[in-house]
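These protein sequences, in sequence, are chains A and U.
So for the first sequence, our numbering puts the first residue at 1; every next one is plus one.
So for the second sequence, our numbering puts the first residue at 1; every next one is plus one.
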Amino acid sequence: MIAALDPFVGVAHMLSRPFMVDALLAGTLIALAAGLVGHFLVMREQVFTGDALSHVAFTGALGALAIGLDLRLGLFLGCVAVAVLIGLLGPAGRADDVVIGNVFAWLLGVGVFFLTLYTTSRRGANGTAGTTVLFGSIFGMTSSQAVVASVVGGCIAVAALAIGRPLTFMSIDPAVAAVRGVRVRPLGLGFLALVGAAAGEATQAVGALLLLGLLATPAGAARRLSASPWRAMWLSAGIAVGSVWAGLAASYAAPTVPPSFAILAVATSAYVLASGWRSWSLRRGVRDRQPSSASLTPNPTSTTPERRSIRRRARRLVINRVTRSDARTITAK
Amino acid sequence: MPSPLVASLLAAAPSAPALSANPVTDARELFAYPFMVAALEAGTVVAVLAAAIGWVMVLRRQSFAGHTLAVVGFPGAAGATLLGLPIAAGYFGACILSALVIAGVPRGRAGTTRGAESAVTGAVQAFALASGVLFVNLYRGFLNGVDALLFGSFLGVTASQLLILAAVAVGALAVLAFLWRPLLFSSVDPDVAAARGVPVASLSVAFLVLVAVAVAAASEITGSLLVFALLVMPAAAAQRLTARPGLGLLLAVVIALAVTWAGLGIAYFSIYPSGFFLTSFGFAAYLVAVGVRSVSEGRGRRARATRAPGSLST
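1. At which residues does the alpha helix (DSSP H) containing U:G79 begin and terminate?
2. What does U:D147 touch in chain A if you count any residue whose Cβ is under 7 angstroms from its own?
3. Can you list, in chain order, the residues of its chain whose CB lies under 6 angstroms from that of A:V147, leaving out five sequence neighbours each side?
4. Going along chain A, which residues have a C-beta under 7 angstroms from U:A119?
5. Measure the C-alpha to C-alpha separation of U:F92 and A:T128 and round it to an integer number of angstroms.
6. Using the Cα positions of A:V47 and A:V37, report the straight-line distance between them to the nearest angstrom.
7. To which residues of the same chain is U:A77 closer than 6 angstroms at the C-beta, ignoring the five residues directly before and after it?
8. Name the two residues that bound the continuous alpha helix (DSSP H) containing U:V91.
9. Let me make sure I understand the geometry here. Which of A:L108, A:P18, A:L192, A:A23 has the alpha-carbon closest to that of A:A246?
10. Which residues, in chain order, does the stretch 266–281 of chain U contribute to contact with chain A at a C-beta distance below 7 angstroms?
11. Which class does A:S226 belong to by DSSP, given the choice of helix, strand or coil?
12. For A:S144 and U:L176, I'd like the C-alpha separation in whole angstroms.
13. Can you have a look at U:I271 and say buried or exposed, based on whether 16 or more other CB atoms are within 10 angstroms of its CB?
14. Determine the DSSP secondary structure at U:Q239, reduced to helix, strand or coil.
15. For A:E45, which of helix, strand or coil comes out of DSSP?
16. Beta-carbon of A:F139 versus every beta-carbon of chain U: anything under 7 angstroms?
17. Would the stretch 67–84 of chain A count as touching the stretch 221–237 of chain A if we require 3 or more Cβ pairs under 8 angstroms?
18. Keeping to the same chain, check which residues put their C-beta closer than 7 angstroms to that of A:L117; ignore five residues upstream and five downstream.
19. Using only the alpha-carbon positions, how far apart do A:E211 and U:A229 sit?
20. State yes or no: is the C-beta of U:L241 within less than 7 angstroms of the C-beta of U:W55?
21. As a quick exercise: from A:G285, A:A105, A:T28, pick the residue whose alpha carbon is nearest that of U:A236.
22. Using the three-state DSSP reduction, which class does U:Y33 fall into: helix, strand or coil?
23. Look at A:G190 and A:C79 and say whether their C-beta atoms are less than 7 angstroms apart.
24. Would you kindly report the start and end of the unbroken alpha helix (DSSP H) that includes A:L85?
25. Evaluate A:E337 with the Cβ neighbour count: other Cβ atoms within 10 Å of its Cβ, from every protein chain shown; 16 or more gives buried, anything less gives exposed.
26. Please state the DSSP three-state secondary structure of A:A33.
27. With a threshold of 8 angstroms, are at least 3 pairs of Cβ atoms found where one atom belongs to the stretch 68–77 of chain U and the other to the stretch 212–227 of chain U?
28. Using a Cβ-Cβ cutoff of less than 7 angstroms, which residues in the same chain neighbour A:A193 once the five nearest sequence positions on both sides are dropped?
29. Quick check: U:V253 and U:A51, are their CB atoms within less than 7 angstroms of each other?
30. Could you name the residues of the same chain whose beta carbon sits closer than 8 angstroms to that of A:A199, not counting the 5 residues immediately before and after it, in chain order?
31. Should U:G122 be flagged as near chain A, meaning a C-beta pair shorter than 7 angstroms?
32. Give me the subset of the stretch 51–70 of chain U whose CB atoms are less than 7 angstroms from a CB atom of chain A, sorted by chain position.
33. So, with DSSP's three-state summary, where would you put A:D6?
34. Cβ atoms of U:L264 and U:S274: under 7 angstroms apart, would you say?
35. Please report the distance separating the alpha-carbon of U:N137 from that of U:G152.
Pasting the structure below:
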């Protein structure tokens, strides 16, 4: 593309296309939602749930098509329902990964069944519907679809921010959080419902097979860059949005490159760079404080500084509370 | 590139033969076709291999890594098609490479948590699948083959494929038998195993490579997305039923064989794909195992309660 020689002309050219503006609008909010939710997903070590949802998204979308409904209805209903189911199967919203594996492997088989049902029974069925759902088609979004996706994405982002504080607390130390009055189980289930909705959103941008990339890759990169939960959360959202922008622009400049691949290629590069930066800074840190070998031996119970500091603070709170109530009982006597 | 063959077979599929009331005639009809015999033979090999490797995978709680290795076969095969290489080379190359990346990256870094490790696995999987999308896009006229790569085609197994599959299966099972005792030890209690001098880290890498080899061999037949079902379902069912390693392994293989044969047999008489029947039978086996387990546990608790009425009555 000649216009791409001058970046400003290239961007102006790109923004003059309505489909591109739609894709950018929807992509930005989808990425924001996925980046925020993904951060908590990685922090809570529930990435495998995201993986399971990538198959559920396929089955949900194809199931809706097979019975003649809007694809997005099945997508969201399927993802949210299965995400909550996974939460119900395990204690405190953490199911055994073998159970998750069994459930989603079967659901994928059901998805294949729906695909056959759809392509053989519905006249005028779109023969490539299966591949579209699996690999996404953000450039194929209509304006109204883009608006709906943006609004839903914005709501997910707001909800993730709203439950962010208690969720961080209970992810780091569920027992102490429960003592402090955090309702651990409903919050875990609510979070999983949010993950389901985010998975449905991400499917519209990059496809069912690749939604894990939008959820886990930016969050994983952010985690390498910062140990502070809040900074990592915003970094994760920023990397996700940046990946979508860069990916869409790259795919616009080089039409043979599908947008899904371009977005994930940028996100993966960010991950690799973050890992490189981290190991470089770790090595430098090790050289700086060579004599104190104590900091190099990992403590299995408190592995990261964020965990340690929050746990210390929580413990102090509990101790305060216990001593205060003890004092009260003693004075009552 | 099996797609013309697959396409012709898929085109023939809707006119599926009717199931008669007599199971013996049905079975005879099944075995009358060489392609069906080849499919059953391939299914048998895949079932034994996947169940055995899957049993250890479930024991080690490595479903996520196993699933990732399973799906990266797809970009491998698509890339091999794009470059004009044999598809098997793509499957094996991509799966083994990803096994090494997943096993190699997170270790040896101070301060990495389990969350970071699973994020690596997720990143590898997502990028690999994205590359698959790119390859599919670059190779025009490939779209018919995509479904076969993802969901497999038991019904296009050639004699050479079968030969490769059998050789790989024998090799992988031999390696598994060789590593069996230390692998079991390090899976059940890695800390004690490490203290006893078992090379836990290298065993973990070796096992992931073994999973990769098994999955790559099986993917050619079952497709990248469905091989995971054969890996996890019979093994999970067997582990619900028994905790003994030898018996559990045997049970997993038996369940996998039953599921595969039943799935292929029914799929022959139906217009719906074999993957649906395979996963449904596998899931049913798992549910039955869960039910049996909870019934026997309930009976055990009740028996204990009646034996010692004072201790447990509430």
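All C-beta atoms in this analysis are idealised placements derived from N, C-alpha and C, irrespective of residue type, glycine included.
So, to answer that:
1. Along the second sequence, read from residue 1 onward, the residue named residue 79 of chain U stands at position 79. Run containing U:G79: 73–83, per the alpha helix (DSSP H) assignment.
2. Counted from its first residue, the second sequence places residue 147 of chain U at position 147. What U:D147 touches in chain A: G130.
3. Start at 1 with the first residue of the first sequence, and residue 147 of chain A comes out as number 147. Here the set comprises nothing.
4. As a first step, residue 119 of chain U must be located in the second sequence, where it is residue number 119. Here the neighbours are V42, V47, A216, A219, G220, R223.
5. By 1-based counting over the second sequence, the position of residue 92 of chain U is 92. By 1-based counting over the first sequence, the position of residue 128 of chain A is 128. The straight-line gap from Cα to Cα measures roughly 28 angstroms.
6. The residue given as residue 47 of chain A occupies position 47 in the first sequence. The residue given as residue 37 of chain A occupies position 37 in the first sequence. Going from the Cα of A:V47 to the Cα of A:V37 covers about 11 angstroms.
7. Within the second sequence, the letter at position 77 stands for residue 77 of chain U. Hits under 6 angstroms: I87, G90, Y91, L149.
8. If you number the second sequence from 1, residue 91 of chain U lands on position 91. Correcting the residue type first, residue 91 of chain U is Tyr in the shown sequence and not Val. That run of the alpha helix (DSSP H) goes 87–104.
9. Position 246 of the first sequence holds residue 246 of chain A. Selected option, being the one with the closest Cα: A:A23.
10. I271, Y272, P273, G275, F276, L278, T279, S280
11. Walking along the first sequence from the start, residue 226 of chain A turns up at place 226. Coil, per DSSP.
12. Here residue 144 of chain A refers to the residue found at position 144 when the first sequence is read from its first residue. Here residue 176 of chain U refers to the residue found at position 176 when the second sequence is read from its first residue. For A:S144 and U:L176, the distance between alpha carbons rounds to 55 angstroms.
13. Indexing the second sequence from 1 puts residue 271 of chain U at position 271. The residue in question, U:I271, is exposed, as its Cβ has fewer than 16 Cβ neighbours within 10 Å.
14. The residue labelled residue 239 of chain U in the question sits at position 239 within the second sequence. Of the three classes helix, strand and coil, the one that applies to U:Q239 here is helix, per DSSP.
15. Position 45 of the first sequence, counting from 1, holds the residue named residue 45 of chain A. Coil.
16. Position 139 of the first sequence, counted from the start, is the residue given in the question as residue 139 of chain A. It does not: the Cβ of A:F139 has no partner Cβ on chain U nearer than 7 angstroms.
17. Taking a cut-off of 8 angstroms on C-beta distances, the stretch 67–84 of chain A does not touch the stretch 221–237 of chain A, as fewer than three cross pairs fall below it.
18. As a working note, residue 117 of chain A is residue 117 in the first sequence. The answer, listed in chain order, is A66.
19. Working through the first sequence from its first residue, we reach residue 211 of chain A at position 211. Working through the second sequence from its first residue, we reach residue 229 of chain U at position 229. It is Leu, not Glu, that sits at residue 211 of chain A in the sequence shown. Cα to Cα, A:L211 sits roughly 20 angstroms from U:A229.
20. Taking the first residue of the second sequence as 1, we reach residue 241 of chain U at position 241. Taking the first residue of the second sequence as 1, we reach residue 55 of chain U at position 55. With a cutoff of 7 angstroms on beta-carbon distance, U:L241 and U:W55 are scored as not near each other.
21. Within the second sequence, numbered from 1, the residue matching residue 236 of chain U stands at position 236. Comparing Cα-Cα distances from U:A236 to each of A:G285, A:A105, A:T28, the minimum goes to A:A105.
22. Position 33 of the second sequence holds residue 33 of chain U. In this structure, DSSP gives U:Y33 a state outside helix and strand, which the three-state scheme calls coil.
23. Numbered from 1 along the first sequence, position 190 holds the residue referred to as residue 190 of chain A. Numbered from 1 along the first sequence, position 79 holds the residue referred to as residue 79 of chain A. It is not a contact, given that the beta carbons lie outside the stated cut-off.
24. Walking along the first sequence from the start, residue 85 of chain A turns up at place 85. Where A:L85 is concerned, the enclosing alpha helix (DSSP H) stretches over 71–89.
25. Examination of residue 337 of chain A is not possible in this model, given that chain A is present from 1 through 333 alone.
26. For this step, residue 33 of chain A is matched to residue 33 along the first sequence. Here A:A33 sits in helix by DSSP.
27. Judged by pairs of C-beta atoms under 8 angstroms, the stretch 68–77 of chain U touches the stretch 212–227 of chain U, as three or more such pairs exist.
28. For the purposes of this step, residue 193 of chain A is taken as the residue at position 193 of the first sequence. Excluding sequence neighbours, A:A193 sits near V80, A83, V84.
29. As a first step, residue 253 of chain U is located in the second sequence; it is residue number 253 there, counting from the start. As a first step, residue 51 of chain U is located in the second sequence; it is residue number 51 there, counting from the start. Cβ distance < 7 angstroms, so U:V253 and U:A51 count as in contact.
30. Looking up residue 199 of chain A in the first sequence gives position 199. Counting only Cβ-Cβ distances below 8 angstroms, and skipping sequence neighbours, we find G50, L53, S54, V56, A57, C79, A83, L211, L215.
31. Along the second sequence, one-based indexing puts residue 122 of chain U at 122. Taking 7 angstroms as the threshold, the shortest C-beta distance from U:G122 to chain A falls below it.
32. Correct list: V58, R61, S63, F64, H67.
33. Within the first sequence, the letter at position 6 stands for residue 6 of chain A. A:D6 falls in the coil class under three-state DSSP.
34. Walking along the second sequence from the start, residue 274 of chain U turns up at place 274. Walking along the second sequence from the start, residue 264 of chain U turns up at place 264. Cβ distance < 7 angstroms, so U:S274 and U:L264 count as in contact.
35. As a first step, residue 137 of chain U must be located in the second sequence, where it is residue number 137. As a first step, residue 152 of chain U must be located in the second sequence, where it is residue number 152. Those two C-alpha atoms are separated by around 20 angstroms.
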